[in-house]
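Numbering (full-length UniProt numbering), first residue to last: 28 to 481. For each residue, glycine too, the CB sits at the ideal point set by N, CA and C. The model shown is predicted, which means the values in this text are computed figures rather than measured ones.
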Amino acid sequence: EACLGAIEGAGALNAFVHKTPEIAMERARAADARLKGGDDAPAMCGIPVGIKDLFCTKGVESQAASGILGNFKPEYESTVSQNLADAGAVMLGKLNMDEFAMGSSNETSVYGDAVNPWKVDDRQLTPGGSSGGSASAVAADLCLAATGTDTGGSIRQPAAFTGTVGIKPTYGRCSRWGIIAFASSLDQAGPMTKNVRDAAIMLETMCSHDPKDSTSADIPVPHFEAMLTGDIKGKVIGIPKEYRMDGMPAEIEKLWADGTEMLKDAGAKIIDISLPHTKYALPAYYVIAPAEASSNLARYDGVRYGHRAKLAAGEGIVDMYEKTRAEGFGHEVQRRVMVGTYVLSAGFYDAYYNRARKVRALIKRDFDEAFDQGVDAILTPATPSAAFGLGEMAEADPVQMYLNDVFTVTVNLAGLPGISVPAGLDKQGLPLGLQLIGRPWEEGDLLNVAYALE
Ligand code: GLN
């Protein structure tokens, strides 16, 4: 009830875009009975959470913040939100995001911008994207935790912009079943929380092997919370020189240096490493992600879901497809579909898509080599800046927006786990985050290093 009240009072943040108070109260009562009934209720039992609009929730609007899925209410529940519900978590509603999770500022949403609860004077700031509503809701105490998804940084960047914790697990840890697809070889779900301990608890609840997702891994899910000892003595932390970009703001440099010092003081061994193909990650990502998106989004044809354009007399099925997609998709989504179909087209497939796939393999190999050298985790800044003002990044120059993902996309291309932890404030008093990248399937160790940094 406190959370539902807080949501009502925080309409200006535009974080919750579909509220589900009846479901919340029903699940809260069930959780209450479960907690009273025995002592072995799961840790998430009774915890009020928000669910990103990208997750299908049975009978509840699930629109991926897109006009093309207007009023779509799925007949089924995503595996991740089902796992949370089974553990007794209480869904409060659906959270704002960039349309189809494409964006870094939550400005491409059909519901309008989500707003960061952090402010500088009267300037309205982005909570980041695409999981902007999730980050904003957690930071403003509208819920105790939220689900996010991360294809190129959409959990970690908004976490950094709002002073919250966000982890993208290893590709295959969380089932993608029932999560509206953006770029299937990169998409992963993960928790957005107030601290590392909550992230460990929630991640464990979200993960499972799921035969309904062929890329879901059949490996045991550890008890992550029990791995938070804070002891990182002897752990080897790599500092990749390629992440020291030209023109990096001095405060980001300092944040990174301070974080390195903190881990060293806690007993970690710090070594310099090289990930030589880093500079090709962003271009490779912005070929592969749109390619997969153009294919995934082909299903929105005006027949099976949501919006269908009205036709004039004499117009046929091709007009229907064209008009529906022109009306239903926003500009950024249309841009991605065009880039994606272009790089997959017969004449350009080898030059772009295949080339990007090869680069992706090299990026993964860079990480493998660092881990082979004994590196346990890699420390980098999470974002190149603190939260920027809503409307300040020109739509005319999408590459400027894409540069936000420069530190995060490598992790998705390599399928690795990555976490963003709050690491201090910039000179305007806005939160900044540090990113830790871990070995595949070792989220427990990664969370423990993050715990030492927190
Ligand atoms: N900002 C990136 C993009 O627009 C990442 C999005 C994401 O992780 N979902 O593609």
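Is it the case that the Cβ atoms of methionine 219 and serine 157 are separated by a distance below 8 Å? Here methionine 219 is not near serine 157, since their CB atoms are 8 Å or more apart.
Own chain, CB closer than 7 Å to phenylalanine 398, minus 5 neighbours either side, in chain order: Excluding residues within five positions, the ones whose Cβ falls inside 7 Å are Arg466.
Do asparagine 222 and glycine 139 count as a contact pair if the criterion is CB distance below 8 Å? Contact flag unset, no.
Evaluate threonine 191 with the Cβ neighbour count: other Cβ atoms within 10 Å of its Cβ, from every protein chain shown; 16 or more gives buried, anything less gives exposed. Threonine 191 is buried by the Cβ-count criterion.
Any contact between the segment 172–180 and the segment 270–285? By contact I mean 3 or more CB pairs, one from each, below 8 Å. Contact fails: fewer than three Cβ-Cβ distances are below 8 Å.
Should glycine 94 be listed as close to ligand 1, given that the test is whether its C-beta is under 7 Å from any heavy atom? Outside the cutoff, so no.
Considering only their Cβ atoms, is the gap separating leucine 440 from alanine 320 smaller than 8 Å? No, the Cβ-Cβ distance between alanine 320 and leucine 440 is not below 8 Å.
Among Lys100, Ile34 and Cys72, nearest to asparagine 110 - alpha-carbon criterion: Out of Lys100, Ile34 and Cys72, the CA that lies nearest to the CA of asparagine 110 is found in Cys72.
Is the number of C-beta pairs between the segment 441–459 and the segment 332–339 that are closer than 8 Å three or more? Contact fails between the segment 441–459 and the segment 332–339, because fewer than three Cβ pairs, one in each stretch, are under 8 Å apart.
Residues in its own chain within less than 6 Å of valine 426 by CB, not counting five upstream and five downstream? Nothing meets the Cβ criterion.
Please name the residue in Ala186, Val87 and Gly32 whose C-alpha comes closest to that of glycine 451. The candidate whose alpha carbon is nearest that of glycine 451 is Ala186.
Based on DSSP bridge pairs, tell me the residues matched to valine 117. Answer is Pro75.
Taking the straight line between their C-alpha atoms, what separation do you get for phenylalanine 43 and isoleucine 206? Rounded to the nearest angstrom, the two C-alpha atoms are 18 Å apart.
Going along the chain, which unbroken runs of the alpha helix (DSSP H) with 4 or more residues stay wholly within the segment 294–363? Runs of the alpha helix (DSSP H) inside the segment 294–363: 308–323 and 344–355.
On the DSSP bridge list, what partners appear for threonine 176? Threonine 176 is bridged to Ala216.
Identify whether threonine 368 lies in helix, strand or coil by the three-state DSSP scheme. Helix at threonine 368.
If I follow the unbroken alpha helix (DSSP H) through alanine 477, where does it start and stop? Unbroken alpha helix (DSSP H) run through alanine 477: 470–480.
Report whether the distance from the Cβ of aspartate 432 to the nearest heavy atom of ligand 1 is below 7 Å. Aspartate 432 Cβ: within cutoff of ligand 1.
Comparing the CB of serine 161 with every heavy atom of ligand 1, is any distance shorter than 7 Å? For serine 161, the shortest C-beta to heavy atom distance toward ligand 1 is 7 Å or greater.
Determine the extent of the beta strand (DSSP E) in which proline 48 is found, giving its start and end residues. Per DSSP, proline 48 belongs to no beta strand (DSSP E); it is in the alpha helix (DSSP H), 48–64.
Tell me the DSSP secondary structure of glycine 265 in three-state form. Note: glycine 265 maps to strand in three-state DSSP.
Given this structure, state the Cα-to-Cα distance separating glycine 442 from asparagine 323, to the nearest angstrom. Straight-line Cα distance between these residues: approximately 19 Å.
Within the same chain, show all residues whose beta-carbon is closer than 8 Å to that of lysine 306, passing over the 5 residues directly before and after it, in chain order. The residues are Glu269.
Going by C-alpha distance, which of Pro411, Asn475, Met347 and Pro317 is nearest tyrosine 369? Comparing Cα-Cα distances from tyrosine 369 to each of Pro411, Asn475, Met347 and Pro317, the minimum goes to Pro317.
Can you name, in chain order, every residue of its own chain whose Cβ lies under 8 Å from the Cβ of leucine 419, other than the five neighbours on each side? Residue identity differs from the one stated: residue 419 is glutamate in this sequence, not leucine. When the five nearest sequence neighbours on each side are left out, no beta carbon in the same chain lies closer than 8 Å to the beta carbon of glutamate 419.
Suppose the cutoff is 8 Å on Cβ atoms and the five residues either side in sequence are ignored; what does the same chain contact list for residue 23 look like? The chain is shown from 28 up to 481; residue 23 falls before or after that span and cannot be answered.
Assuming contact is defined by CB atoms lying nearer than 8 Å, are glycine 120 and histidine 236 in contact in what I supplied? Contact flag unset, no.
Looking only at C-alpha atoms, which of Asp168, Ala141, Ala339 and Ala68 sits nearest to glycine 32? Distances from the alpha-carbon of glycine 32 to those of Asp168, Ala141, Ala339 and Ala68 put Asp168 closest.
Within the continuous alpha helix (DSSP H) that includes glutamine 427, where are the two ends? Annotation: the continuous alpha helix (DSSP H) that includes glutamine 427 extends over 425–429.
Please state whether DSSP places alanine 404 in a helix, a strand or coil. Of the three classes helix, strand and coil, the one that applies to alanine 404 here is strand, per DSSP.
How long is the line joining the alpha carbons of valine 137 and aspartate 66, rounded to whole angstroms? Approximately 44 Å, taken between the alpha carbons.
Could you spell out where the alpha helix (DSSP H) holding valine 165 opens and where it closes? Going by DSSP, valine 165 is part of the alpha helix (DSSP H) stretching over 159–166.
Would you say the beta carbon of serine 157 is closer than 7 Å to some non-hydrogen atom of ligand 1? Yes, ligand 1 has a heavy atom inside 7 Å of this Cβ.
Beta-carbon spacing of threonine 410, asparagine 431 below 8 Å: In contact: threonine 410 and asparagine 431 (Cβ atoms closer than 8 Å).
Assigned exposure category for lysine 79 - 16 Cβ within 10 Å defines buried: With 16 or more Cβ atoms within 10 Å of its Cβ, lysine 79 is classed as buried.
Sheet register partners of arginine 150 (DSSP bridge): Paired residue(s): Val147.
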